[in-house]
Amino acid sequence: MTGRVLTERELGRATLTRQLLLERAALPAAEALERLVGLQAQAPLAPYVALWSRLAGFRAAELAELIESRAAVRGWFMRMTVHLMTAPDAVDVLPVVRSVHRRSFAAHFGRQAAGLDLDAVAAAAAELLAERPLTRAQLGEALADRHRGADAGTLGFAALYLLAPVQLPPRGLWARTGPAVLAPLESWVDRPLGRDGSPDRLLRRYLAALGPASAPDFAVWSGLSGVREVVERIRTELRVFRSASGTELLDVPDGVLPGADVPAPPRFLPEYDNVLLAHADRSRIVPAGRRVPLPPGAGATVGTLLVDGRWVATWRTEGSAGAATLVVEPFTRLSSRAAAEVTAEGRRLLAFTRPGAEAEVRIAPLA
């Protein structure tokens with residue numbers, strides 16, 4: 085195995101700079117979404133905090149406009165989890181991860197779906213959604229009318245996994261809410277699905293956004309199987325490094341590798357942020373033995389905090405309409421300088437999430 089050794093700190097700095105978390109970027113939100121290969125969006129409002137922490141001068145209205153205009157969509161992509169992606173990326177990525185969706189459905193619903201003609205279910209679901217948007221429950225009931233004796237709940241999930249439709253606004257709009265009403269991706273964005281189901285380009289984009297990384301890292305992020313074959317197919321196009329433990333790390337030729345001592349300011353991240361979840365070996369950001377929290381909810385009120393490029397605390401927002409308190413709960417000691425920087429950044433976060441409210445940042449004592 086060739087390639088120089090990259091320390092955890094070097095890997096962390098590389099990931100942070102590619103994730104726009106070392107220095108806020110002066111980019112439009114759509115360009116940032118494409119550079120990041122989408123954002124986790126299980127919590128509908130999480131992408132707003134994710135972009136606020138990454139982009140200079142980001143406004144919530146900019147992202148809301150992308151969603152309302154259909155330039156960006158929320159749907160099931162990598163790992164059959166909800167991501168926010170631009171429309172061009174969505175139609176290119178979905179064919180690549182279709183196999184993940186079918187495999188996930190078989191793993192979760194194989195017994196309940198025994199005997200179902202899944203291709204017929206998918207075709208019927210596409211026909212129903214082409215007529216009008218439906219919730220998953222409504223879609224399941226409509227499918228049950230066509231597949232007598234089949235469970236409506238199972239049919240609804242089958243449509244979700246097999247079609248991977250998109251969730252329509254107002255779901256995902258800032259300061260608004262709504263049920264997860266579904267429509268086919270292609271008709272909603274008026275674009276045909278891409279014809280290239282090869283993961284090669286997706287691997288290159290993953291490395292550009294989250295590398296250097298290993299083949300297992302890419303498998304964890306994408307949910308795809310057979311990634312070793314993909315790596316071997318494009319190996320001559322990639323740089324090769326090693327981790328301190330000897331794991332092979334792959335990278336695009338022009339991937340930025342900042343020094344280990346480049347400053348990493350405090351960054352508040354939302355739920356499910358990719359910087360914490362997109363690697364099999366998370367040690368570049370996540371301390372050993374720590375499990376990343378996956379809280380429920382609409383998003384933008386809880387999350388995690390990075391200090392000096394490492395996850396050190398969780399945060400949550402409390403308060404009423406006229407007042408807001410950001411509570412930071414560290415699990416390691418913060419220096420007085422770090423605490424001051426966290427407090428200042430926390431006030432800026434509250435100015436974004438709770439504009440006009442009387443803001444307070446409180447750092448809780450170590451438990």
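Once you know that position 160 of the sequence shown is 244 in the numbering used here, the rest is easy, because the numbers rise by one and skip nothing.
In this text, a Cβ means the ideal position worked out from N, Cα and C, and glycines have one as well.
Quick caveat, the model's predicted, so the values are computed rather than measured.
Between Arg-216, Glu-94, Leu-120, Leu-168, which lies nearest to Ser-271 when the distance is taken from Cα to Cα?
-> For the purposes of this step, residue 271 is identified with residue 187 of the sequence shown, where counting begins at 1. Ser-271 has its Cα closest to that of Arg-216, out of Arg-216, Glu-94, Leu-120, Leu-168.
Selection from Glu-413, Val-411, Leu-168 that minimises the alpha carbon distance to Ala-127 = Locating residue 127 in the sequence shown gives position 43, where the first residue counts as 1. Out of Glu-413, Val-411, Leu-168, Leu-168 has the C-alpha closest to the C-alpha of Ala-127.
Between Arg-163 and Asp-345, what straight-line distance do the alpha-carbon atoms span, to the nearest angstrom?
-> Indexing the sequence shown from 1 puts residue 163 at position 79. Indexing the sequence shown from 1 puts residue 345 at position 261. Spanning the two alpha carbons is a distance of roughly 34 Å.
Could you pull out every residue in the same chain whose Cβ sits closer than 7 Å to the Cβ of Ala-328, ignoring the five residues on either side in sequence?
-> Here residue 328 corresponds to residue number 244 of the sequence shown, with the count starting at 1. Excluding sequence neighbours, Ala-328 sits near Val-89, Thr-91, Glu-92.
Among residues of its own chain, excluding the 5 on either side of Val-522, which ones have a beta-carbon nearer than 7 Å to its beta-carbon?
-> Residue 522 lies beyond the range of the chain shown here (85 to 451); nothing can be said about it.
Do His-234 and Leu-223 have their C-beta atoms within less than 9 Å of each other?
-> Numbered from 1 along the sequence shown, position 150 holds the residue referred to as residue 234. Numbered from 1 along the sequence shown, position 139 holds the residue referred to as residue 223. What sits at residue 234 in the sequence shown is Ala, not His. Taking 9 Å as the Cβ cut-off, Ala-234 and Leu-223 do not qualify as a contacting pair.
First through last residue of the alpha helix (DSSP H) which encompasses His-185 = Your numbering for residue 185 matches position 101 in the sequence shown. Run containing His-185: 171-193, per the alpha helix (DSSP H) assignment.
Could you tell me if Glu-211 is buried or exposed, where buried requires 16 or more neighbouring beta carbons within 10 angstroms of its beta carbon?
-> For the purposes of this step, residue 211 is identified with residue 127 of the sequence shown, where counting begins at 1. Per the 10 Å Cβ criterion, exposed.
Give me the Cα-Cα distance between Leu-294 and Pro-337, rounded to the nearest whole angstrom.
-> Within the sequence shown, the letter at position 210 stands for residue 294. Within the sequence shown, the letter at position 253 stands for residue 337. One C-alpha to the other measures close to 14 Å.
Tell me the start and end of each unbroken alpha helix (DSSP H) in the segment 109-146 that is at least 4 residues and wholly inside, in chain order.
-> 113-119, 130-136
Measure from the alpha carbon of Ala-299 to the alpha carbon of each residue in Arg-319, Gly-281, Ser-282, then state which is nearest.
-> Within the sequence shown, numbered from 1, the residue matching residue 299 stands at position 215. The residue with the shortest Cα to Cα distance from Ala-299 is Arg-319.
Beta carbon of Arg-108, beta carbon of Ala-292: below 9 Å?
-> Residue mapping note: residue 108 aligns to position 24 of the sequence shown, counting from 1. Residue mapping note: residue 292 aligns to position 208 of the sequence shown, counting from 1. Cβ atoms of Arg-108 and Ala-292: not closer than 9 Å.
DSSP on Leu-212, reduced to helix/strand/coil?
-> Along the sequence shown, read from residue 1 onward, the residue named residue 212 stands at position 128. Three-state DSSP puts Leu-212 in a helix.
With a CB to CB cut of under 6 Å and the five nearest residues on each side skipped, what residues in its chain are close to Gly-281?
-> Taking the sequence shown and counting its residues from 1, the one referred to as residue 281 is at position 197. If we look at Gly-281 and ignore the five residues flanking it on each side, its Cβ neighbours are Pro-179, Val-180.
Report back the beta-carbon spacing between Glu-455 and Pro-253 to the nearest angstrom; my notes put them in contact at under 8 Å.
-> The first residue shown for the chain is 85 and the last is 451, placing residue 455 beyond what the model contains.
Out of Arg-446, Ala-408, Ala-435, state which residue places its alpha-carbon closest to the alpha-carbon of Ala-424.
-> Sequence index remark: in the sequence shown, residue 424 carries index 340 (1-based). Of Arg-446, Ala-408, Ala-435, the residue nearest in Cα terms is Arg-446.
Leaving out five residues on either side along the sequence, give the residues of the same chain with a beta carbon under 8 Å from the beta carbon of Phe-241.
-> By one-based count along the sequence shown, residue 241 stands at place 157. Around Phe-241: Phe-189, His-192, Phe-193, Arg-220, Gly-224.
Using CA coordinates, which residue listed in Gly-373, Val-175, Arg-326 is at the minimum distance from Leu-95?
-> Looking up residue 95 in the sequence shown gives position 11. That would be Arg-326, whose Cα lies nearest to the Cα of Leu-95.
Does the beta-carbon of Gly-430 have 16 or more other beta-carbons within 10 angstroms, so that it is buried, or is it exposed?
-> Position 346 of the sequence shown holds residue 430. Buried, because 16 or more other Cβ atoms sit within 10 Å of the Cβ of Gly-430.
Under three-state DSSP, which class holds Thr-385?
-> Counting from 1 along the sequence shown, the entry for residue 385 is found at position 301. In the structure shown, Thr-385 adopts coil according to DSSP, grouped into three states.
Which one or two residues does DSSP pair with Thr-401 in a beta bridge?
-> Mapped onto the sequence shown, residue 401 falls at position 317. Looking at the DSSP assignment, Thr-401 forms a beta bridge with Leu-410.
Exposed or buried, what is Thr-398 when buried is set at 16 or more other beta-carbons lying within 10 Å of its beta-carbon?
-> Taking the sequence shown and counting its residues from 1, the one referred to as residue 398 is at position 314. Result: buried.
Quick one, are the C-beta atoms of Asp-173 and Leu-213 less than 9 Å apart?
-> As a working note, residue 173 is residue 89 in the sequence shown. As a working note, residue 213 is residue 129 in the sequence shown. It is not a contact, given that the beta carbons lie outside the stated cut-off.
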